[in-house]
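When you line the sequence shown up against the numbering used here, it's residues 21 to 199, in that order.
Quick reminder that beta carbons are idealized off the backbone N, C-alpha and C, glycines included.
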Amino acid sequence: GAALGGWLTVGSAFGLSVLAFVLGYLFSTTAVLDRSRWKFGRKTARELSNYGIRRWFSIAANTLLIRMDQLIMIPLLPRKDLGVYVVAVTVAGVLRPVSAGFGSVILAQLRRGTRTQEKLLSQSVRATVFLLFPVASLIAATAWFLVPLVYGSESSAAVLPLLILLPGEILAGVATVYN
């Protein structure tokens, strides 16, 4: 009916996934970086572009591995059940770009040696949980309304699996910080 799901295709889902990753990454990195020491030039742009392209392919391969379960389930589950699972996993996966961006900041701090590894480990675990928990809580609080709005009324069955997956995504986010 009135759901936004009518325009949701494989291409638009891919585009939204890339956009979500970029926005989440930008938010999480700019939220924790010391902007007073930013310097930018052609050399820096070239280095960042080279790193960014390689990192993007790494993330794309990781995403394929993360979604491999859905490919395996295609012949095993009815389409409706698989669709419910895919919607739940996709919405819960919104947390991943945030933790990936945060992980890049942690890696940069480790390379600079600005803090001991033990101190950085405890601080980053706390910060990751404190960053992801409110986002996961917002998703949980709005899922009953937004999931059917975006994916259609038949996707409302995905809300309960989504709520079950969210705590695991927070823990996976902590692990993602160290990848």
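Terminal residues of the alpha helix (DSSP H) in which residue i lies
{"i": "residue 92", "result": "88 to 93"}
{"i": "residue 138", "result": "137 to 171"}
Identity of the residue in the options nearest residue i by Cα
{"i": "residue 2", "options": "142, 188, 116, 108", "result": "One cannot answer for residue 2 here, as it falls past the ends of the chain, which runs 21 to 199."}
{"i": "residue 178", "options": "101, 121, 74", "result": "101"}
{"i": "residue 144", "options": "159, 154, 194", "result": "194"}
{"i": "residue 88", "options": "106, 78, 75, 74", "result": "106"}
{"i": "residue 36", "options": "110, 153, 167", "result": "110"}
{"i": "residue 73", "options": "103, 180, 42", "result": "42"}
{"i": "residue 181", "options": "38, 86, 104", "result": "104"}
{"i": "residue 148", "options": "176, 192, 166", "result": "192"}
Between the CA atoms of residue j and residue i - distance to the nearest angstrom
{"i": "residue 119", "j": "residue 196", "result": "6 Å"}
{"i": "residue 97", "j": "residue 84", "result": "20 Å"}
{"i": "residue 138", "j": "residue 115", "result": "25 Å"}
{"i": "residue 171", "j": "residue 164", "result": "12 Å"}
{"i": "residue 168", "j": "residue 75", "result": "33 Å"}
{"i": "residue 78", "j": "residue 121", "result": "14 Å"}
{"i": "residue 154", "j": "residue 113", "result": "15 Å"}
{"i": "residue 70", "j": "residue 81", "result": "17 Å"}
{"i": "residue 159", "j": "residue 136", "result": "34 Å"}
{"i": "residue 183", "j": "residue 141", "result": "28 Å"}
{"i": "residue 176", "j": "residue 86", "result": "23 Å"}
{"i": "residue 166", "j": "residue 99", "result": "22 Å"}
DSSP-derived helix/strand/coil call for residue i
{"i": "residue 98", "result": "coil"}
{"i": "residue 207", "result": "Because residue 207 is not part of the residues shown, which for the chain are 21 to 199, the question remains open."}
{"i": "residue 193", "result": "helix"}
{"i": "residue 36", "result": "helix"}
{"i": "residue 113", "result": "coil"}
{"i": "residue 52", "result": "Residue confidence for residue 52 is low, a pLDDT of 49 falling below 50, so the modelled location carries little weight; the figure read from the coordinates is stated next. Helix at residue 52."}
Cβ of residue i within 9 Å of any chain D Cβ
{"i": "residue 120", "result": "Judged by its chain identifiers, the structure shown contains no chain D, having just a single protein chain."}
Distance between beta carbons of residue j and residue i, contact taken as under 8 Å
{"i": "residue 156", "j": "residue 186", "result": "5 Å"}
{"i": "residue 152", "j": "residue 92", "result": "No, residue 152 and residue 92 are not in contact; Cβ-Cβ is about 27 Å, not under 8 Å."}
{"i": "residue 95", "j": "residue 40", "result": "Rounded, the Cβ-Cβ distance is 29 Å, inconsistent with contact."}
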